[in-house]
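In our numbering, the protein residues as written are 846 to 917.
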C-alpha cells in the first residue's frame with residue numbers, strides 16, 4: 846500500500862510533520878522519547894491552544910458585528 850494513503854488518517858497531518866520533526870531531533874542527538882514529548886508539546890502550543898482560545902473568544906469578537914448592518 847502506498848505511503849500517501851496513510852497520511853490523512855489523523856487530522857492536521859500529525860503523522861508526516863511530527864514524525865519528521867522527531868527524526869530531525871534524534872539525528873541531532875536528542876533521545877527519541879524526549880524528542881517525541883517536545884514535538885507533541887509544540888503541537889499543542891502552536892496548533893491546539895490558539896484554536897481553543899480563538900473558539901472561546903469568538904462570541905466576544907462577534908458582538909460588534911451584530912450592531913453593524915452591512916446592507917444599510
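Just so it is clear, CB atoms sit at the ideal spot from N, CA and C, and this is done for glycine as well.
When the Cα atoms are used, what is the spatial distance from residue i to residue j?
i, j, result
"residue 885", "residue 863", "8 Å"
"residue 919", "residue 902", "The question about residue 919 has no answer here: the residues shown for the chain are numbered 846 through 917."
"residue 876", "residue 870", "8 Å"
"residue 874", "residue 860", "21 Å"
"residue 888", "residue 908", "30 Å"
"residue 881", "residue 905", "36 Å"
"residue 899", "residue 867", "28 Å"
"residue 865", "residue 872", "11 Å"
"residue 890", "residue 897", "10 Å"
Q.
Could you tell me which whole alpha helix (DSSP H) segments of length 4 or greater appear in the region 872-899?
A. Note on the region 872-899: whole alpha helix (DSSP H) runs with a minimum of 4 residues are 877-888, in chain order.
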